[in-house]
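For reference, the structure discussed in these notes is given below.
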Amino acid sequence: MAVKKAKVIKEAEIKRPPVVVVLGHVDHGKSSLLEAIKDFKITSKESGGITQHIGAYEVESNEHKITFIDTPGHEAFSAMRARGAEVADIALLVVDSAQSVQPQTKEAIMAIKRAEISMIVVLNKIDLPNANPEKIKGELAKVEVVVESFGGTIPSVEVSAKEKTGIDELLEVILLVADLHDLKSDTKSLAEGLIIESFMDGFKGPVATAVVQKGILRKKDIIATDLAMAKVKSIKDFQGKEIDEALPSQPVIILGFEKVPAVGEKFKSYKGEIEALANIKKEEPKREIGSTVLEAPGDKKVVNIILKGDVFGSLEAIEGMLKNLPQDKAILRILKSEVGDINESDAKLAEMAKAEIIGFRVKISPVVVRFMQNDKGNPSTGSGQARLRVKTFEIIYEMIQDIRRGLEKSLDMETVREDVGKLRVLFNFFAEKNRQIIGGKITEGELKKGLKLEVFREDKKVGAGRIINLQRDKKDIDKLRKGDEAGILFEGNVAIEKGDIIVAYIETRQKGEL
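Structure, rendered in structure tokens:
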């Protein structure tokens, strides 16, 4: 009997495909990479063009399947951390090899590390003439992401989503990493999975996209999340084709929920409706108006917003992602966060608090629409700026990017200094009031007429000034470089001495960054 039992358990376990999520800076090519993988591995003939956006899809490489969570920075990746659910096995960190590691790249790295899943660095846009993958690898090493070619353990792959090069190699590396984890699932257990997208369809009713994590999901199964139950009426694969059952790691569209489940919720199969209903929470957690998700004292800039969402799970996912936005220079204050369409009370609060209303998959009530239309032509608003600002979104990632831009717009312009040259003083020819003629050798960079200067003596700053005129061999010249000897007409607040070091610099005004 013991032998027979062991055999049954072994047969119940199957090797499952890896589930992959794609993260990184907004402009570094995450969407184009996903599209390149689709185009490379799924022909339009096979997929009917894949016109549906379902949040996840499968590709096949060397007779092995891989599941990708679609939509870069997907809300499920945030929601799964909040609930302790794990949907992804591997994260692709996409970095533009012609740019540099950006703040959002660092945020993505932190998210991957918090989720404790494997990372693969994808160096995109390798086709550009200024691509420098070695420079990017060095920058990543400084933020503790050390790739294999730099002596670390993290694989890296160079690709061009535009030219569709390196895609095969990337898929091969994903499968190698998956093999190291020996991903398996028990098909004999009741089905479990994670909701990664959900919405209300006017004809079909509640629609959910999910990834099966355990067991086999079949038609007529009774499943439930914390807030919603379903007698599964229909299961479709990522291409929209009707299927009878779904295996572990498979992304599917599920019809049959009584109400829209929340993004990031786990679902489980039950033997009957009574058992499923017993595990459903009777009501959604209440959310207090006026609660602040992110708040800090001090004289920082404050941006007020009002959040409205389609379901509680969406709001939870949005707030989880907003918490990851940098708060060092500007504070994001959420005055109100609740489920439902944007209504008159939201508009009144927004006008009073000078807040922006942000909606996710919700409608704007007719009263608010009329107010906005009248507001556009209202001369009392001054300078053409509306009193009420309302935006709605269908994709959470786009919403987060818009809120981030709003925070950056609130920042004051910053003065950025850049040192451009150094000169060691060898001669002091002439001094008159606040002006001197000095001579020396340029040891770094270059000097130009009009540049600001700082004077250092024995490593201490002793004064400042600027270049009135620049000469070489007693001839006026606009610019001199490292190695040149230069004569400078200096104007400033210090008497320069032989041996002093003069540092030339420029200052520019730049838009503030978070």
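Position 409 of the sequence shown, counted from 1, bears residue number 409 in UniProt numbering, the numbering being contiguous throughout. Glycine is no exception: its CB is placed at the ideal position from the N, C-alpha and C atoms. Computed from a predicted model, the values in this text were never measured in an experiment.
Suppose the cutoff is 6 Å on Cβ atoms and the five residues either side in sequence are ignored; what does the same chain contact list for residue i look like?
{"i": "S47", "result": "At S47 the pLDDT is 33, less than 50, meaning the model places this residue with poor confidence and gives no usable figure here."}
{"i": "N324", "result": "E107"}
{"i": "H53", "result": "Residue placement at H53 is flagged as unreliable, the pLDDT there being 42, under the threshold of 50; the coordinate-derived value follows with that caveat. None."}
{"i": "G465", "result": "L453, F490, E491 and G492"}
{"i": "E273", "result": "I222"}
{"i": "F429", "result": "I437"}
{"i": "S118", "result": "I90 and V177"}
{"i": "F393", "result": "F360 and M399"}
{"i": "A504", "result": "V420, G421, L447, L451 and L453"}
Taking only the alpha-carbon atoms, compute the straight-line gap between residue i and residue j and give it to the nearest angstrom.
{"i": "V147", "j": "K106", "result": "15 Å"}
{"i": "G359", "j": "L322", "result": "14 Å"}
{"i": "D182", "j": "P18", "result": "10 Å"}
{"i": "V293", "j": "V21", "result": "Model confidence at V293 stands at a pLDDT of 39, short of 50, so the residue's coordinates are unreliable; what they give is reported in the following sentence. Going from the Cα of V293 to the Cα of V21 covers about 26 Å."}
{"i": "A108", "j": "L23", "result": "6 Å"}
{"i": "E242", "j": "S269", "result": "20 Å"}
{"i": "E356", "j": "K259", "result": "29 Å"}
{"i": "G290", "j": "I280", "result": "Low confidence applies to G290: its pLDDT is 38, below 50, so where it sits in the model is not reliable, and the reading given next is rough at best. The straight-line gap from Cα to Cα measures roughly 28 Å."}
{"i": "K301", "j": "G440", "result": "46 Å"}
{"i": "Q471", "j": "I442", "result": "12 Å"}
{"i": "N374", "j": "L388", "result": "10 Å"}
{"i": "T187", "j": "V362", "result": "38 Å"}
{"i": "D484", "j": "K449", "result": "15 Å"}
{"i": "V87", "j": "S249", "result": "9 Å"}
{"i": "L411", "j": "K329", "result": "7 Å"}
{"i": "E163", "j": "N132", "result": "17 Å"}
{"i": "K38", "j": "E338", "result": "36 Å"}
{"i": "I126", "j": "S31", "result": "16 Å"}
{"i": "V145", "j": "H64", "result": "28 Å"}
{"i": "E444", "j": "D459", "result": "16 Å"}
{"i": "K475", "j": "N469", "result": "10 Å"}
{"i": "V95", "j": "G152", "result": "18 Å"}
{"i": "I502", "j": "A495", "result": "12 Å"}
{"i": "K45", "j": "L33", "result": "With a pLDDT of 34 at K45, under the threshold of 50, the modelled position of this residue cannot be trusted, and the question is left open."}
Reducing DSSP to helix, strand and coil, say where residue i ends up.
{"i": "S97", "result": "coil"}
{"i": "N343", "result": "coil"}
{"i": "L183", "result": "coil"}
{"i": "L33", "result": "helix"}
{"i": "G406", "result": "helix"}
{"i": "N374", "result": "helix"}
{"i": "S365", "result": "coil"}
{"i": "L194", "result": "strand"}
{"i": "S249", "result": "coil"}
{"i": "V145", "result": "coil"}
{"i": "F199", "result": "strand"}
{"i": "A355", "result": "coil"}
{"i": "A276", "result": "helix"}
{"i": "M321", "result": "helix"}
{"i": "Q104", "result": "helix"}
{"i": "P133", "result": "helix"}
{"i": "I216", "result": "coil"}
{"i": "M119", "result": "strand"}
{"i": "E432", "result": "strand"}
{"i": "I167", "result": "helix"}
{"i": "V494", "result": "coil"}
Since residue i contacts residue j with CB under 8 Å, what's their CB separation in whole angstroms?
{"i": "T225", "j": "F199", "result": "At roughly 15 Å, the Cβ-Cβ gap does not stay under 8 Å, so T225 and F199 are not in contact."}
{"i": "G193", "j": "V211", "result": "6 Å"}
{"i": "A486", "j": "L453", "result": "So it is not a contact: roughly 12 Å between Cβ atoms."}
{"i": "L92", "j": "V122", "result": "5 Å"}
{"i": "D346", "j": "I306", "result": "6 Å"}
{"i": "I112", "j": "V157", "result": "Rounded, the Cβ-Cβ distance is 16 Å, inconsistent with contact."}
{"i": "A161", "j": "A350", "result": "About 40 Å; that fails the 8 Å criterion."}
{"i": "L190", "j": "M229", "result": "Between M229 and L190 the Cβ distance is about 14 Å, and since that is not below 8 Å, they are no contact."}
{"i": "K214", "j": "I14", "result": "Their Cβ separation, rounded to whole angstroms, is 11 Å, which puts K214 and I14 out of contact at 8 Å."}
{"i": "L227", "j": "P261", "result": "6 Å"}
In chain order, what residues of the same chain have a beta carbon less than 8 Å from the beta carbon of residue i, not counting five sequence neighbours either side?
{"i": "L176", "result": "P155"}
{"i": "E245", "result": "I216, L217, R218, K219 and I235"}
{"i": "R83", "result": "With a pLDDT of 48 at R83, under the threshold of 50, the predicted position of this residue should be treated as unreliable, and no value is reported."}
{"i": "T67", "result": "P17, P18, V19, V20, A56, Y57, E58, V211, S249, Q250 and P251"}
{"i": "T209", "result": "I54, G55, A56, I195, I196, E197, S198, P251, V252, I253 and I254"}
By Cβ distance below 7 Å, which residues in the same chain neighbour residue i in space, the five residues on each side in sequence not counted?
{"i": "D500", "result": "V425, V455, F456 and R457"}
When the cut-off is 7 Å and only beta carbons count, does residue i lie next to chain D?
{"i": "V425", "result": "The chain labelled as chain D is not found in the depicted structure, where only one protein chain is given."}
Should residue i be listed as close to the ligand SAH, given that the test is whether its C-beta is under 6 Å from any heavy atom?
{"i": "D182", "result": "The ligand SAH is not part of the structure shown, which contains no ligands of any sort."}
Cβ contact check for the segment 460–480 and the segment 389–404: 3 or more pairs under 8 Å: no
Three CB pairs or more closer than 8 Å across the segment 494–510 and the segment 409–416: yes
Cβ contact check for the segment 330–343 and the segment 423–431: 3 or more pairs under 8 Å: no
At least 3 beta-carbon pairs within less than 8 Å: the segment 431–438 vs the segment 485–504: yes
Sufficient close CB pairs (3 or more, under 8 Å) joining the segment 128–145 to the segment 97–105: yes
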